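Scroll down for the structure; my scribbles are underneath it.
Protein chains: 2
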Amino acid sequence: MNTNGRATLIDVARKAKVSTATVSRCLSHPDKVAEKTRLSIEAVIDEIGYTPHFGGRALASNRTGMVGAIIPTMENAIFATAIQSFQETLAKSEISLQVGSSGYDPEKELFQVKSLIAHGADGLLLTGAERLQKTTKVLEQAQIPYVTAWNSKNDISKYSVGFDNRLAAFSLTQSVLDFGHRNIAIISGFLENNDRAIDRVLGIKDAIEKHHNKGLITDIVETKYSIKAGEEAFDKLMSNTITPTAIICGNDVLATGATIRAKMRNIDVPGDISITGFDDIDLATVVSPALTTVRVPQVGMGEASAVMLMKLISGGANIKSMIRRVEFKTEIMIRESLGSVPNIMYHTSRNYF
Amino acid sequence: MNTNGRATLIDVARKAKVSTATVSRCLSHPDKVAEKTRLSIEAVIDEIGYTPHFGGRALASNRTGMVGAIIPTMENAIFATAIQSFQETLAKSEISLQVGSSGYDPEKELFQVKSLIAHGADGLLLTGAERLQKTTKVLEQAQIPYVTAWNSKNDISKYSVGFDNRLAAFSLTQSVLDFGHRNIAIISGFLENNDRAIDRVLGIKDAIEKHHNKGLITDIVETKYSIKAGEEAFDKLMSNTITPTAIICGNDVLATGATIRAKMRNIDVPGDISITGFDDIDLATVVSPALTTVRVPQVGMGEASAVMLMKLISGGANIKSMIRRVEFKTEIMIRESLGSVPNIMYHTSRNYF
DNA sequence: TACGGTAATGAGAGCGTTTGCATGCTAAGG
DNA sequence: CCTTAGCATGCAAACGCTCTCATTACCGTA
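Just so you know, the sequences run in chain order A and B.
The first sequence finishes on residue 354 if you use our numbering, and the numbering steps up by one all the way, no holes.
The second sequence finishes on residue 354 if you use our numbering, and the numbering steps up by one all the way, no holes.
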């Protein structure tokens, strides 16, 4: 019994008439202890309500059983599914998760990294490929293993799990072009410090350049990821001289905003204008019309990154032979929000080319 | 430099030519150290990239700087806002948060409590007033302070933050009655182990009993909190002999499901049927028509519970004089989904009374 | 110059666990 | 009956930090 009145290993040992070593083993490696001993120790533990002291454990074993994840934002569901499956996978090994958000700001990411390390993270999951050099340095000095997710364009020396944002956007854009659209606008998240957003825009441009020409892009609006921002961006696009017949949005949240605003302005989707999203979060099928979007391998990424990170943490010889990079495929989900070009607008727009 | 190659306090002390005590103070109570000393220590820390070892700190100080929160579900946004403000408030004091979910199952809650304690939580935030006796016992044996939220109907000896679910539902129902509705159906979450859901149903009944009679309730459907469940519940209600003119839903998620299904079936809301929600999450204004609902003091609860919990953790003399219970007001948000009773149905329904 | 008081620092004893190594015991084989 | 392998257990040294208490340094005042 320590000064706080909380039971300790020593109390258990004394009461069970064994050494602390045996009690410790009984907790951490039950198979190393004789059945009989184990039972009597467990009885004592139950009786006096002993819980191992976290700090003592962490100090002696140099492990906390906690890992951290830093995602850009929790405000919308973009990362929720992946984080959930990440968490579930960890939970199977009794590892807990602490989530922080960076707000798409590398400085804040660095802060979160420090904070998570200070809070005892055994390993970290980070979003995207780019970060401050200082962040990488901190990670290395603290000797914390980490995995990056959400983008496969990654330094080969690092451990990463993701998909090809650029390629996915490319495919989606091809579908849009196939529907006959020639005046295309983009509503993107802020590109600064966001390699995923940059890649998506690049993918759109790739597709357009390949099949037609750059002039097809009427405008690119950069804004924050929120429904309201999507609404405002829509207004902006519709106030331009050249209005688009299709709007490709950086994610489903922006697309939802655009769709809602279209409805408010009595602009029919997809009759008058087509709108596409990215991510395929729940929202995509809640709005009407349901969004054509890109399904991102959230569950797969969550699981794969958890497995990778746990291997890294356990360390040992097998690290050398580990796969350093997992790349997933994406899938285009064609739904109601993408349709053919409206005739009248189609003609109008042709004048410009 | 320890065996892992990670820098320790001793390394810093040696390099800065001071004792470990001074370095420790410099980190934890900078004002107790001379400016000059502090600067030189900080320089060394920066140079060798020292991060305090979590385990050592936790062991010596008997604090982890982490608290846990257990909410019933993360699958929808019901608890998100409160948790976020809880977290933000904690963050100001450099306390981190670990969230677990119980799935509305008391056994799972117990498991999560144990898990969070095992992971070093300094304190806990729990949802609702009811739980297993064993859970309370575990909490006490581990000497972990905790606060309950979301329901103010609470044992006075405990620390709680919440609002009166019953009263809120009562007010909302009054509004529904004021619009002339006399055939009212309820779609509730499962009542078992959910004091909030129970209270909301009781509040509805209170209002109806007070102003009219029980017979006005055409049906009560219990189901899980999901959009799909809301849809199915709606179908169930509409297949009854007596159909309602208003559906009061246990939360916005269920109400959203009902609304979506109504739209699918070409039943106009609120023209043919009124629907109300509870919680006022984002979803409530995303669906159309926007939901009439109850605004729950999520931000307030989050902040208040964080403050209360932190006081409890710091302990000291002021605990005795602490306020043990904070109760917030709710607000009825009248939006499009609630309207007058359609004439034809009104007449039909009158026949039954 | 001596002295008291205060601010800054140092010494060192824990904090509760884990774990490598030593020891003791049991059972099987010679 | 003695050896020996192998399993179960105990001993005790870390692990890295905090914090109390003691000590030193410095200043102003008598």
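Note that the Cβ used here is the ideal one computed from N, Cα and C, for glycine as well.
Treat the numbers as computed from the prediction; the structure is a model and nothing was measured.
**Study point:** Interface flag, A/Met346 vs chain B, CB-CB below 8 Å
**Key:** As a working note, residue 346 of chain A is residue 345 in the first sequence. Only weak support is given to the placement of A/Met346: the predicted model assigns it a pLDDT of 45, under 50, and the question is left unresolved by the model.
Point to revise | C-beta neighbour in chain A for B/Leu60, strict 8 Å | key: Within the second sequence, the letter at position 59 stands for residue 60 of chain B. Yes, its Cβ sits closer than 8 Å to a Cβ of chain A.
Point to revise | Nearest-angstrom Cα separation, counted from B/Val13 out to A/Phe80 | key: If you number the first sequence from 1, residue 80 of chain A lands on position 79. If you number the second sequence from 1, residue 13 of chain B lands on position 12. Their backbone Cα atoms lie some 39 Å apart in a straight line.
Practice item. Decide yes or no for the touch test of the region 239–248 of chain A against the region 173–190 of chain A: beta carbon pairs closer than 8 Å, at least 3 of them. Key: Contact between the region 239–248 of chain A and the region 173–190 of chain A is present, because at least three Cβ pairs lie under 8 Å.
Check your understanding: Which residues in the same chain have their Cβ closer than 6 Å to the Cβ of B/Met346, if we skip the five residues on either side of it in sequence?
Key -> On the second sequence, residue 346 of chain B is found 345 positions in, with the first residue counted as 1. Summary for B/Met346: the model assigns pLDDT 45, below 50, so the residue's position carries little reliability, and this model does not support an answer.
Point to revise | B/Phe354 versus B/Gly163 - alpha carbon distance | key: In the second sequence, counting from the first residue as 1, residue 354 of chain B sits at position 353. In the second sequence, counting from the first residue as 1, residue 163 of chain B sits at position 162. Here B/Phe354 scores only 37 on pLDDT, less than 50, and its place in the model should not be relied on; the value that follows carries that caveat. One C-alpha to the other measures close to 38 Å.
Check your understanding: CA-CA distance, A/Ile145 and A/Asp123?
Key -> For the purposes of this step, residue 145 of chain A is identified with residue 144 of the first sequence, where counting begins at 1. For the purposes of this step, residue 123 of chain A is identified with residue 122 of the first sequence, where counting begins at 1. Between A/Ile145 and A/Asp123, the C-alpha separation is close to 6 Å.
Point to revise | Beta carbon of A/Thr257 nearer than 8 Å to that of A/Val288 | key: Walking along the first sequence from the start, residue 257 of chain A turns up at place 256. Walking along the first sequence from the start, residue 288 of chain A turns up at place 287. Taking 8 Å as the Cβ cut-off, A/Thr257 and A/Val288 qualify as a contacting pair.
Practice item. Please classify B/Ile274: does DSSP put it in a helix, a strand, or coil? Key: As a working mapping, residue 274 of chain B is identified with position 273 in the second sequence. It is coil, neither helix nor strand.
**Study point:** Interfacial residues, the region 115–126 of chain B to chain A, with Cβ spacing under 9 Å
**Key:** Taken in chain order, the members of the region 115–126 of chain B whose beta-carbon sits within less than 9 Å of a beta-carbon on chain A are Lys115, Ser116, Leu117, Ile118, Ala119, His120, Gly121 and Ala122.
Point to revise | Residue range of the unbroken alpha helix (DSSP H) whose run includes A/Gly104 | key: Stepping through the first sequence from its first residue, residue 104 of chain A is reached at position 103. Looking at the DSSP string, A/Gly104 is not in any alpha helix (DSSP H), and its letter there is neither H nor E.
Check your understanding: B/Asn5 versus chain A: which residues are under 8 Å apart at the beta carbon?
Key -> Locating residue 5 of chain B in the second sequence gives position 4, counting from the first residue. Taking a Cβ-Cβ threshold of 8 Å, the residues of chain A close to B/Asn5 are Asn63 and Gln144, in chain order.
Check your understanding: How about B/Ala198 and B/Gln175: do their beta carbons lie closer than 8 Å?
Key -> Counted from its first residue, the second sequence places residue 198 of chain B at position 197. Counted from its first residue, the second sequence places residue 175 of chain B at position 174. Result no, Cβ atoms of B/Ala198 and B/Gln175 do not sit closer than 8 Å.
Exercise for review: Taking A/Pro53 as the query, report the chain B residues whose CB atoms sit under 9 Å from its CB, ordered along the chain.
Suggested key: As a working mapping, residue 53 of chain A is identified with position 52 in the first sequence. Neighbours of A/Pro53 on chain B, chain order: Ala119.
Review point. With a CB to CB cut of under 6 Å and the five nearest residues on each side skipped, what residues in its chain are close to B/Ser341?
Key: On the second sequence, residue 341 of chain B is found 340 positions in, with the first residue counted as 1. Leaving aside the five residues that flank B/Ser341 on each side, the residues in its chain whose CB is nearer than 6 Å to its CB run, in chain order, Phe180 and Gly181.
Exercise for review: Taking only beta carbons into account, state which residues of the region 31–53 of chain A come closer than 9 Å to chain B, listed in chain order.
Suggested key: For the region 31–53 of chain A, which is checked against every Cβ of chain B, the residues closer than 9 Å are Ile49, Gly50, Tyr51, Thr52 and Pro53.
Check your understanding: Given that A/Val139 touches chain B, what residues does it touch there, using C-beta distances under 9 Å?
Key -> Counting from one through the first sequence, the residue named residue 139 of chain A turns up at place 138. Below the 9 Å Cβ cutoff, chain B contributes Gly50 and Thr52 as neighbours of A/Val139, in chain order.
Check your understanding: A/Ser97 CB to nearest chain B CB: under 8 Å?
Key -> Here residue 97 of chain A refers to the residue found at position 96 when the first sequence is read from its first residue. The Cβ of A/Ser97 sits closer than 8 Å to at least one Cβ of chain B.
Exercise for review: Return the CA-CA distance between A/Gly272 and A/Ser338, expressed in angstroms with no decimal places.
Suggested key: As a first step, residue 272 of chain A must be located in the first sequence, where it is residue number 271. As a first step, residue 338 of chain A must be located in the first sequence, where it is residue number 337. If I take the Cα positions, the gap works out to 9 Å.
Review point. What are the boundary residues of the alpha helix (DSSP H) that B/Asp165 is part of?
Key: Position 164 of the second sequence holds residue 165 of chain B. For B/Asp165, no alpha helix (DSSP H) encloses it, and the DSSP letter there is neither H nor E.
Check your understanding: When you compare only the Cα positions, how much space is there between A/Gly50 and B/Lys229?
Key -> For this step, residue 50 of chain A is matched to residue 49 along the first sequence. For this step, residue 229 of chain B is matched to residue 228 along the second sequence. Per the coordinates, the alpha-carbon of A/Gly50 lies some 43 Å from the alpha-carbon of B/Lys229.
Practice item. Give me the Cα-Cα distance between A/Asn63 and A/Leu238, rounded to the nearest whole angstrom. Key: The residue given as residue 63 of chain A occupies position 62 in the first sequence. The residue given as residue 238 of chain A occupies position 237 in the first sequence. Spanning the two alpha carbons is a distance of roughly 55 Å.
Check your understanding: With C-beta atoms as the reference, is B/Val148 less than 8 Å away from B/Met334?
Key -> Translated into positions along the second sequence, residue 148 of chain B becomes position 147. Translated into positions along the second sequence, residue 334 of chain B becomes position 333. No. Outside cutoff.
Practice item. Count the other C-beta atoms from every protein chain shown that fall within 10 angstroms of the C-beta of B/His348, then say buried if there are 16 or more, exposed otherwise. Key: Mapped onto the second sequence, residue 348 of chain B falls at position 347. Interpretation of B/His348 is limited by its pLDDT of 42, a score under 50 that renders its predicted location unreliable; the figure taken from the coordinates is listed afterwards. With fewer than 16 other Cβ atoms within 10 Å, it is exposed.
Check your understanding: Can you tell me whether A/Gly6 is buried or exposed, with buried defined as 16 or more other CB within 10 angstroms of its CB?
Key -> Here residue 6 of chain A corresponds to residue number 5 of the first sequence, with the count starting at 1. With fewer than 16 other Cβ atoms within 10 Å, it is exposed.
Point to revise | chain B contact residues for A/Gly355, given Cβ-Cβ distances below 9 Å | key: Given that chain A is displayed from residue 2 to residue 354, the structure contains no residue 355 of chain A and the question cannot be resolved.
Review point. Can we say the region 249–268 of chain B touches the region 217–235 of chain B, given the rule of at least three CB pairs closer than 8 Å?
Key: In the pairwise beta carbon analysis, the region 249–268 of chain B is classified as touching the region 217–235 of chain B: at least three pairs are separated by under 8 Å.
Exercise for review: Specify the secondary structure class of A/Met2 as computed by DSSP and reduced to three states.
Suggested key: Start at 1 with the first residue of the first sequence, and residue 2 of chain A comes out as number 1. Coil at A/Met2, not helix or strand.
Exercise for review: Can you tell me which of the three DSSP states A/Gly50 falls into?
Suggested key: Numbered from its first residue, the first sequence carries residue 50 of chain A at position 49. Coil at A/Gly50, not helix or strand.
Exercise for review: Can you grab the Cα-Cα spacing for the pair A/Leu111 / A/Gly101, in whole Å?
Suggested key: The residue labelled residue 111 of chain A in the question sits at position 110 within the first sequence. The residue labelled residue 101 of chain A in the question sits at position 100 within the first sequence. Between A/Leu111 and A/Gly101, the C-alpha separation is close to 11 Å.
Point to revise | Inside the region 221–255 of chain A only - alpha helix (DSSP H) runs reaching at least 4 residues | key: With a minimum length of 4 residues, the continuous alpha helix (DSSP H) runs that stay inside the region 221–255 of chain A are 228–239.
Point to revise | DSSP-derived helix/strand/coil call for B/Gly69 | key: Stepping through the second sequence from its first residue, residue 69 of chain B is reached at position 68. Note: B/Gly69 maps to strand in three-state DSSP.
Review point. Straight-line CA distance for B/Cys27 to B/Ile42?
Key: The residue you call residue 27 of chain B lines up with position 26 of the second sequence. The residue you call residue 42 of chain B lines up with position 41 of the second sequence. Going from the Cα of B/Cys27 to the Cα of B/Ile42 covers about 8 Å.
Point to revise | 8 Å Cβ cutoff met for B/Val202 and B/Ile221 | key: Indexing the second sequence from 1 puts residue 202 of chain B at position 201. Indexing the second sequence from 1 puts residue 221 of chain B at position 220. Taking C-beta atoms as the reference points, B/Val202 and B/Ile221 count as a pair closer than 8 Å.
Review point. Listed from N- to C-terminal order along the chain, which residues in the region 287–318 of chain B have their beta-carbon within a distance smaller than 8 Å of any beta-carbon of chain A?
Key: Correct list: Val287, Val288 and Ser289.
Point to revise | Cβ-based neighbour list, B/Thr268, same chain, cut-off 8 Å, excluding 5 preceding and 5 following | key: Looking up residue 268 of chain B in the second sequence gives position 267. Here residue 268 of chain B turns out to be Ile, not Thr, going by the sequence shown. If we look at B/Ile268 and ignore the five residues flanking it on each side, its Cβ neighbours are Met239 and Ile274.
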